[in-house]
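Basically the working numbering = 1-based index in the sequence shown + 46. In this text, a Cβ means the ideal position worked out from N, Cα and C, and glycines have one as well. To start, the structure under review is shown below, and the notes come after it.
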Amino acid sequence: KNMKDRFPGAVIAGAYSPPFGEWPAEEHERIFQLIRDSGASLIWVGLGCPKQERWIARFKDRLPPGVYFGIGAAFAFHANRVRQAPAFLQKIGMEWAFRMLTEPRRLFRRYLVNNSLFLWYLRGRIQAAGVERGRGAR
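As C-alpha cells, then:
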C-alpha cells in the first residue's frame with residue numbers, strides 16, 4: 047500500500063512475502079508460478095543480501111524470463127518500516143555505516159565477512175587480469 051501511495055504511476059504486477067526460514071520445494075514452485083502469472087518482466091527480489099542473490103543464481107534456469115534485481119532493504123525503506131540514513135550520508139556513500147550502527151548484530155558479520163571475502167576475490171581477479179594482460183603484450 048505505501049508503495050502504491052508513494053509511486054502512484056507505478057504498475058505493480060504483484061507482491062509476495064514468503065515465509066521465514068528455509069522453503070520446501072513447493073514454495074519455490076509457488077513463487078515461480080506467481081511471477082509467471084504476474085507477467086512482470088522486471089522482478090525485484092528483496093530477501094536481503096546474500097540470500098536474494100543466491101536464490102536468483104540457484105534458480106536462474108527455472109525462473110520465468112525477466113530481469114531480476116536483488117534489492118535488499120529497498121522495500122522496507124520505501125514502506126517506511128526501516129529508517130534510511132540521512133541524505134548527507136547517502137550522498138557520500140556511507141549509508142552502510144549508518145545501517146551498521148543501527149543494526150550491528152544483524153549486519154556485522156555480513157559487512158565484515160562477506161565484504162572481506164568479496165574484496166579478496168576481487169583482488170585475485172584483478173591480479174589474474176594483470177598477469178593475462180602482461181602475457182598478451184609481449
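Less than 8 Å between C-beta atoms, sequence neighbours within five positions excluded: which residues of the same chain meet that for residue i?
i	result
residue 117	90, 91, 92, 98
residue 154	146
residue 86	59, 60, 112
Thinking C-beta only, is residue j closer than 8 Å to residue i?
i	j	result
residue 113	residue 119	no
residue 131	residue 145	yes
residue 96	residue 160	yes
residue 62	residue 88	no
residue 29	residue 77	The chain is shown from 47 up to 184; residue 29 falls before or after that span and cannot be answered.
residue 74	residue 105	yes
Since residue i and residue j are thought to touch, with beta carbons under 8 Å apart, how far apart are those beta carbons, to the nearest angstrom?
i	j	result
residue 84	residue 60	4 Å
residue 103	residue 49	Residue 103 to residue 49, Cβ: 26 Å. No contact.
Please give me, in chain order, every unbroken run of the beta strand (DSSP E) with length at least 3 that falls completely inside the region 86–168. Within the region 86–168, the complete beta strand (DSSP E) runs of at least 3 residues are 88–91, 113–116.
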